[in-house]
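Here's the structure, in structure tokens; my notes come after.
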Amino acid sequence: MHLLVAAAIALLAAGPSGLGGGPVAEAKEAAGGKSKKKKAPQYECRPQSPQKFLKRRTFVQKGMLNPKKHAKAVRYLAEHYGHVDTEETRRYNPESAHAQATTVRFMGLPLSIHEKVAPALHCVEKRIRATCNSKSRRYTPRAVGGFRTANSYRGAEISNHLFGTAIDIDPERNPCCGCVDPWPTSPLCHEKKRTAYERTALSRCWIKAFERYGFDWLGHDDLEDTMHFEFLGDPDRFKKR
Ligand SMILES: [Zn+2]
Numbered sequence: 190m191h192l193l194v195a196a197a198i199a200l201l202a203a204g205p206s207g208l209g210g211g212p213v214a215e216a217k218e219a220a221g222g223k224s225k226k227k228k229a230p231q232y233e234c235r236p237q238s239p240q241k242f243l244k245r246r247t248f249v250q251k252g253m254l255n256p257k258k259h260a261k262a263v264r265y266l267a268e269h270y271g272h273v274d275t276e277e278t279r280r281y282n283p284e285s286a287h288a289q290a291t292t293v294r295f296m297g298l299p300l301s302i303h304e305k306v307a308p309a310l311h312c313v314e315k316r317i318r319a320t321c322n323s324k325s326r327r328y329t330p331r332a333v334g335g336f337r338t339a340n341s342y343r344g345a346e347i348s349n350h351l352f353g354t355a356i357d358i359d360p361e362r363n364p365c366c367g368c369v370d371p372w373p374t375s376p377l378c379h380e381k382k383r384t385a386y387e388r389t390a391l392s393r394c395w396i397k398a399f400e401r402y403g404f405d406w407l408g409h410d411d412l413e414d415t416m417h418f419e420f421l422g423d424p425d426r427f428k429k430r
């Protein structure tokens, strides 16, 4: 917990970088919109897709983990975000992922995530605020979760929450029907819904906003983890050129 506070203080000391969200931060779209605010952000909102080799469904198929493909993804994540207290990830990076945690506000709610993912999340928020306003597109989150220090997967798989690259939105309203308890007990999992889109309270507009900036929605995965988005893009793509 104290690491987190230290990271938050360090961020404040570094000055207004626009990661906190709200009207102060005005990131420019890649299309070349003019920023009227004086404080220029340190990043730009360039759309990108999640990298395929990092998607859970490329290394876990029908419940079977492909060790080689999984190791490749873990190596990338450790190299880019830090180790997660395992021997394997320490080999790739001596710095801890959790030491790079920062607290941001996402849609008005505090959230602890990896500092490298903060620009991506800010771009998502900006997109949501610009495009998801009509009644059918709107969604108001009540609880969000990011960094975790305990692994929620059984076996060798590592949750991206440990790297600080994943975010959960309202588990009660957006169930994970393929997860371990308590989520499969959600009545939403037992109703005869055809797709994950019908099980989640999130609007497609929200899901698309995340996907636009390199997040993968685990509603597409076997897990049907509809509360969960993970950033699988290239964090450097948001750097100002
Ligand atoms: Zn999650």
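Read left to right, the sequence shown gives residues 190 to 430 (the numbering used here).
For every residue, glycine included, the Cβ atom is placed at its ideal position computed from N, Cα and C.
Below 7 Å, is the gap between the Cβ of residue i and the nearest heavy atom of ligand 1?
i	result
D405	no
D357	yes
M253	no
H409	no
M416	yes
H287	no
H303	no
H350	yes
Name the DSSP beta bridge partners of residue i, please?
i	result
Y232	K428
R294	P299
L254	V249
D414	C365
D359	Beta-bridge pairing links D359 to no other residue.
E419	A355, D405
S285	H272
G344	DSSP output for G344 lists no bridge partner at all.
G334	D357
Give the range of the alpha helix (DSSP H) segment to which residue i is assigned.
i	result
P376	376-379
R279	276-281
E387	385-388
T320	307-320
F242	Unbroken run through F242: none, as it is neither H nor E.
K397	393-401
Where residue i and residue j are concerned, what is the direct C-alpha to C-alpha distance, given to the nearest angstrom?
i	j	result
C321	G297	16 Å
E284	L412	30 Å
R331	D359	6 Å
N135	Q289	Look at the range of the chain in this structure, 190 to 430, and you will see that residue 135 is not part of it.
T291	N363	25 Å
E255	G344	Note that residue 255 is Asn in the sequence shown, not Glu. Cα to Cα, the separation comes out at about 12 Å.
K315	W406	18 Å
L266	C368	22 Å
P299	A307	12 Å
A260	Y281	11 Å
T247	V293	30 Å
R326	E400	15 Å
A339	F404	22 Å
F336	K244	19 Å
E361	E380	15 Å
G221	H311	Only weak support exists for where G221 lies, its pLDDT of 45 falling under 50; the value from the coordinates is given anyway. Their backbone Cα atoms lie some 17 Å apart in a straight line.
A286	A355	12 Å
A203	R426	Note that A203 has pLDDT 41, beneath the 50 cutoff, so the model's placement of it is unreliable and no number is given.
D414	T278	25 Å
G422	K305	11 Å
V273	S301	16 Å
F418	T275	23 Å
K257	S323	45 Å
K241	R264	15 Å
V333	H269	24 Å
K428	Y328	29 Å
Which stretch, first to last residue, makes up the beta strand (DSSP E) that contains residue i?
i	result
F404	404-406
If residue i and residue j are in contact, beta carbons under 8 Å, what's the gap, nearest whole angstrom?
i	j	result
C394	C378	Not quite, the Cβ-Cβ distance comes to about 23 Å (not below 8 Å), so this is no contact.
Q237	Y342	Contact doesn't hold; Cβ gap of about 26 Å is too wide.
A398	V313	5 Å
Using a threshold of 7 Å, is the CB atom of residue i nearer than that to any non-hydrogen atom of ligand 3?
i	result
H311	This structure lacks ligand 3; its bound ligands are ligand 1.
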